[in-house]
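Input: a single structure, listed below in structure tokens.
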Amino acid sequence: MKRFLMLCVAFKCLVVLNAQQTTLPVQVAALSKGKKVIDSNALKDWVNFESDVLVSGNGEYIRYHYSFGGGNNRTLVLSTAQGNQKRSFTGVDYGTGFFSKDNRQFYFKKSDSLFFMQLADMSTRVIGGVQAILQPDEDKGKWLAYIRKSEPSRLILLDMATNKEYTYDSVVEYAFNRTGSAIMLRTAATAGSNTVQTLRKLNLLTLKMDDLWMAGSEEMREINNYAVNDNGDQVVFQVKVNNVPSGLPVQALYEIWYFKDGMARGEKKADDKAEGIDNGKYINFMMPQFSRNGQYLLFQVYNPSVPEADPDAVMVDVWNYRDTLLQCTQLGQRIRPGLTVAMPIEGSNKVITLTKDFEQMVASSEVTSEAVIAYNAQGDRFWLKQDNINWLVSFKDGSRKQLPAGNKTLFFSPKGKYLLYFDAVDFNYYRYDLGTNSATCISCNVPKGYLAFEGIVNADRSKNGPLGPIGVAGWNEDESFMVYEDYDIWKINPADGKATNMTNGFGRKSNIKLRVTNGMVSMSDPVFFKKGEKVLLTAFNLSNKYNGFYQASFDKINDPSLLVMGPYVFHLVAHNLLPVNAQNFMAGIGMAPVQIKTGKSWIIKRQSTSEASNLYYTTDFKIFKPLTDFAPQRDYNWPTTELIQWKQYDGTYSQGILYKPGDFDSTKKYPVIINYYQQRTHRMYQFPTPEYTIANIDVAWFATRGYLVFTPDIFKKTEEPGVGVYNAIVSASDYLAKLAYVDSTKMGINGHSIGGGLTNFLVTHTNRFAAALECAGVSNYISASLQLGRVFYEVSRLEGMENYLGNVSLWENPEKWLLTSPIMNADKVTTPLLIMHNKSDGGVPWPQAVEMFIALRRLQKPVWMLQYDNGGHSLYGIPREAKDFTTRITQFFDHYLKDAPAPKWMSQGVPARLKGISTGYELESSYNRLK
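Here it is, written out as structure tokens:
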């Protein structure tokens, strides 16, 4: 077989299919069996869950939301836990609906009104004219703060237990701390020509109000920001000084202040003249913080060193090959990164510098006064291949101890007993002994590579450039910790350096990925497992795509106990369960089960291809009592799915999902659209919520209209990515073409981003397909790698491109780069191509589409391009444009795959002078295939 190279964009992009809906001007008749196609009316009325479930503290009630179309007519439902009684409230605000901590009240906001319902008798009290409400991030239901429209500077604080209200005037800013143990108020009271600004803290445990700081407007000082500890008894805040002495290279100065309960006022801890701050350095505007052990204040200093430019100066960008970053990137980062410093809360007021230039803090201990600092001055010069230089730095005196170098994931155990790291070279966890400066492997008995998170997976299922550890699931009481491998969960004991497979290899033997359902998300927020605890595990079967739950105990080695597995989606959000950059349908990843307080029952959400998401009550994960009965798909020609497995050209097997119309008839011939990205088969039982197309075709839209839609997995070939896409897509088309119900002459393809580049590659290397839609893809790997990407500012794209080609540069292997670039084979194209690419695309430069269009136009190939002024990397969040795009791609595929007359925008075009005036939707009077 001829070998090919794939074209792809080497950057990560997650497409979120969540466009709003509007009416589509395309009218489509109902199907003969009475089942309708998905159209604009369907999208407008489609019911969707909007948020997860909230359960009252006593487990008696639940609340959830649903809405129609693009968030219209949002409805809040209050229900008993088993669904015996329900009350609905329409037109409510997004995400509203909470239970008081004492379980007596349910409250929510609708427009400008606050509703308080007594759960005992369902009597309701309403507060009208509300402008805004605020609650703590955690521990909701104790306190609620709100402001009325008629008195926008009066804050009302409601005690939910007593219904007593406390009012505070002249409030210009207010914020709870994370745990809800305190609320901060910034007030501004005017007396004559002077305005007095005050920073106040109300301790919500004692109801004691403290004034931390105040200043009149004539002092030209103001509060810039503040942070409150979780206990609510300490505050670090920053004062901005606006009356800067002349001659200083800054426009404002900043001071660090501190307050603790019991103090009469806050005290200034540091300014630019504080001991330990070098001459010429200044405190910057970033919010100060408490150290994780609560003993130090952390803030940043910087050296401005750049005076204001002379307005008459010549403004020239000087690019230098020695620059750490490209000049354009530097211009986007005009604010120089600050250096992190520490100051003890008690004792000395000396400022200790923790980081230097090109360093960042990557971990700190909750117990010891130490942090891990990583240094790397490589910038975007990836060819230098510089490893991080890692240091353990003391908050006490800034002293440093060098740690093993390399790109390691370093972290402390929660009690501070161990310094641990994951090594990205040999994919193992290590314990580092600070006394002997030695590292001990504590997972070396785990087979190599098991613990590393897969990057883009190769065709042989090997890993291409692992991104780091799959992750830590949580900690045990003895400071051993649970880690994930691809399938199973291991316990690692830092003390004896042993790793034990606590799920007994069950996951790998069964081809099932296991994850702790409510496991740890980040090292800064540890999860602890109690001895004897039954831990709920989320499971995903890679063979048949079933999803469900198991239960395990981490006290002993054992196969986990099955709770439920089936052709559904319950919960796919668990830690690194899905492939990197996994794309999902809008509601496709499900919800973690919500446990009722008694621990004997759960609320779960379940969906499948043929069943919309609904809520269920269960006590055993065997019997599920439905709490909702949403079935918006019931009246439509809803697709069914089949998991297809076929043999690829290289002899390996791959899988894909074949979506068929609900009225599928195996004696008929159907057109096919193949849509791809990387791996997609995890969506086998996801409910394909219909939406307007924003880049990748909407499955339900096309399947209900009589198309087969196929979404195969693509596995990258190491250093030869083109082989992977050709190996998958063309071999899949061979397989599909042999099916009796497939019209092999009416096969189309579509991809976006990485998939868009793959589409460009395919149309330049095969004549199999009758139509192709590519969105935001690369066409010329050489120019794409040397162009600039843009997210917040312009950056080099070269590193990502070289990585994707197996870390080989253009000058080392120019032939590979040329063969990879579809533009070099544009003369081979026979497939009509529709391109959608926007000028404001920050991921893939728009000139990539222009190059492909101009080349094909010059070669007199059928090609069209759509450029949306408001679009970005896709049409996400712009419903009018998504509606227009859906109309045009439907007409495009209908013309080439269903022999429908061409629209005039394809046959005649839309002159630039008619932009925004004429759509060109009108169809020609008869079919005449455009060539």
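Mind the numbering: the sequence shown is residues -21 to -1, 1 to 910 in mature numbering (1 follows the signal peptide of the UniProt record, and there is no 0), read in order. In this text, a Cβ means the ideal position worked out from N, Cα and C, and glycines have one as well.
- DSSP places residue 163 within a strand segment (E or B) once states are collapsed to three.
- Distance check between residue 476 and each of 466, 532, 503 and 410 places 410 closest, using alpha-carbon atoms only.
- Here the alpha carbons of residue 317 and residue 262 stand approximately 8 Å from one another.
- Taking the CA atoms as reference points, residue 459 sits about 41 Å from residue 303.
- For residue 863, the uninterrupted alpha helix (DSSP H) run begins and ends at 858 to 877, by DSSP.
- In this structure the region 712 to 725 does not lie against the region 857 to 871, because fewer than three pairs of beta carbons, one per stretch, are closer than 8 Å.
- Judged by their CB atoms, residue 399 and residue 369 are not nearer to each other than the 9 Å cut-off.
- About 4 Å separates the CB atoms of residue 673 and residue 854; that is less than 8 Å, so the two are in contact.
- Contact annotation: residue 656 and residue 675 have beta-carbon atoms nearer than 9 Å.
- Looking at the DSSP output, residue 44 shares a beta bridge with 55.
- The alpha-carbon of residue 22 is positioned some 19 Å away from that of residue 586.
- At least 9 Å separates the beta-carbon of residue 98 from that of residue 43.
- Contact between residue 110 and residue 135 fails: their C-beta atoms lie close to 11 Å from each other, not under 8 Å.
- Cα atoms of residue 148 and residue 81: separation of roughly 29 Å, rounded to the nearest angstrom.
- In this structure the region 251 to 258 touches the region 319 to 334; the number of beta carbon pairs closer than 8 Å is three or more.
- The three-state reading of DSSP puts residue 244 in coil, since its state is none of H, G, I, E or B.
- At the C-beta level, residue 353 and residue 365 stay beyond 9 Å of one another.
- Taking the CA atoms as reference points, residue 549 sits about 11 Å from residue 582.
- Linking residue 165 to residue 320 through their CA atoms gives a straight-line distance of about 27 Å.
- Between residue 884 and residue 896, the alpha-carbon positions lie close to 12 Å from each other.
- Residue 236 sits close to residue 216, with the two beta carbons spaced by under 9 Å.
- Counted as a single uninterrupted DSSP element, the alpha helix (DSSP H) harbouring residue 826 occupies residues 826 to 837.
- Secondary structure at residue 707: helix, using DSSP grouped into helix, strand and coil.
- Approximately 10 Å separates the beta-carbon atoms of residue 466 and residue 449; this is outside 8 Å, ruling out the contact.
- DSSP, reduced to helix, strand and coil, places residue 676 outside both helices and strands of the structure shown, so it counts as coil.
- Sorting 141, 174 and 159 by C-alpha distance to the C-alpha of residue 150 places 174 at the top.
- When the alpha-carbon of residue 211 is set against those of 159, 227 and 879, the nearest one is in 159.
- If one requires a minimum length of 3 residues, the beta strand (DSSP E) runs lying completely within the region 285 to 352 are 318 to 323 and 338 to 343, in chain order.
- The beta carbon of residue 479 sits closer than 6 Å to those of 470, all from its chain and outside the five residues before and after it, given in chain order.
- Within the same chain, 274 and 275 come within 7 Å of residue 323 by CB-CB distance, once the 5 residues on both sides are set aside.
- Its chain contains 758, 759, 762 and 802 as the residues whose beta carbon lies nearer than 8 Å to that of residue 830, once the 5 sequence neighbours on both sides are disregarded; these appear in chain order.
- If you check the CB distance, residue 689 and residue 636 come in under 9 Å.
- In the three-state scheme derived from DSSP, where H, G and I count as helix and E and B as strand, residue 716 is classed as helix.
- Residues 805, 808, 812 and 842 of the same chain have their beta carbon placed closer than 7 Å to that of residue 835, with the five preceding and five following residues left out of the count.
- In the structure shown, residue 852 adopts coil according to DSSP, grouped into three states.
- In this structure, 531 is the residue among 511, 474, 531 and 502 with its C-alpha nearest to the C-alpha of residue 494.
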